[in-house]
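Presented below is the structure to which this report refers.
Residue numbers (the numbering used here): 174 to 391.
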C-alpha cells in the first residue's frame with residue numbers, strides 16, 4: 174500500500190458570498206475521501222486561509238510543514254466563472270484595486286523582489302481536464318490566477334515547491350455554488366466536490382506514473 178499525503182487549502186470568507194466553495198469543498202472532500210485509487214492510502218489535510226496577502230501563505234506553509242505532503246492543491250473563488258478554472262501560471266505581482274482583509278491594497282508590487290517573473294503549475298492539467306470531460310464537469314484552462322491574494326498564494330506555493338525534490342502543487346479556481354438545473358454560471362456543490370476529487374486522483378496517478386517530461390505543463 175503506497176502512502177500519500179495531500180494538502181488542500183481554501184479561503185475563509187468572501188464578501189457577499191453565502192456559500193463559499195473554497196471553504197466547503199476541501200472539508201467535504203477530506204470527510205468523504207477520494208475513490209478509484211487502488212493500492213493507495215490517502216491522507217487529506219485541509220486548511221482555510223484568510224484573504225490576506227501577508228497571512229495566507231504563512232498559514233498554508235505551517236500546514237505543509239506539519240503534513241509533509243506529496244501534493245498541495247490550493248483553491249479559491251472566481252465569482253464570474255461558469256465552471257472550474259485550472260490555473261496554469263503564477264505571476265510575481267500583486268496589483269489590487271480592492272483591499273484584502275487587512276485593508277492592504279498593493280499596486281504593481283512584486284511578491285518576491287528576487288524571485289522569477291512566473292512559475293508554471295506542477296499539476297497535470299490536461300489529464301485532469303480529461304477526467305472532467307468524462308464526468309461532464311465544465312472546465313477550462315486559465316492563463317493565470319489574477320493579481321489578488323489567490324495569485325500571491327499560488328506564487329508562494331510554487332516557489333516553495335520549486336525547492337522540493339518531488340512535490341506536485343497547483344491552484345484551482347472554483348465558481349460560485351449554484352444549484353439551478355441549468356445555471357448561467359457556477360456549479361452545484363456536489364459537482365465541485367467531484368471536480369476536486371478528480372484533481373486529487375489524477376495528481377496522485379501522475380505522481381506515481383509521470384510522463385516522460387519532468388512536469389506535464391498544460
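Every residue, glycine too, gets a C-beta built ideally from N, C-alpha and C.
In this text the structure is predicted, and so the values were computed from the model without any measurement.
Keeping to the same chain, check which residues put their C-beta closer than 8 Å to that of residue i; ignore five residues upstream and five downstream.
{"i": "residue 175", "result": "212, 213, 214, 381"}
{"i": "residue 289", "result": "265"}
{"i": "residue 366", "result": "198, 201, 202, 205"}
Where does residue i land, buried or exposed, given buried means 16+ other C-beta within 10 angstroms?
{"i": "residue 182", "result": "buried"}
{"i": "residue 206", "result": "exposed"}
{"i": "residue 363", "result": "exposed"}
{"i": "residue 348", "result": "buried"}
{"i": "residue 260", "result": "buried"}
In its own chain, which residues sit with a C-beta less than 6 Å from the C-beta of residue i, not counting the 5 before and 5 after it?
{"i": "residue 277", "result": "226"}
{"i": "residue 361", "result": "352"}
{"i": "residue 230", "result": "326, 329"}
{"i": "residue 209", "result": "374"}
{"i": "residue 368", "result": "257, 310"}
My output table needs one value for residue i: the three-state DSSP class, helix, strand or coil.
{"i": "residue 226", "result": "coil"}
{"i": "residue 352", "result": "coil"}
{"i": "residue 308", "result": "coil"}
{"i": "residue 371", "result": "helix"}
{"i": "residue 247", "result": "strand"}
{"i": "residue 180", "result": "strand"}
{"i": "residue 214", "result": "strand"}
Nearest-angstrom Cα distance between residue i and residue j?
{"i": "residue 321", "j": "residue 195", "result": "16 Å"}
{"i": "residue 377", "j": "residue 344", "result": "15 Å"}
{"i": "residue 357", "j": "residue 300", "result": "26 Å"}
{"i": "residue 323", "j": "residue 252", "result": "13 Å"}
{"i": "residue 216", "j": "residue 250", "result": "24 Å"}
{"i": "residue 306", "j": "residue 313", "result": "10 Å"}
Apart from the five residues on each side of it in sequence, which residues of its chain come closer than 7 Å, Cβ to Cβ, to residue i?
{"i": "residue 272", "result": "278"}
{"i": "residue 283", "result": "265, 266"}
Report yes or no: do three or more beta-carbon pairs, one from the region 242 to 259 and one from the region 339 to 356, lie closer than 8 Å?
yes
Are at least three pairs of beta-carbons, each pair with one atom in the region 279 to 298 and one in the region 247 to 267, less than 8 Å apart?
yes
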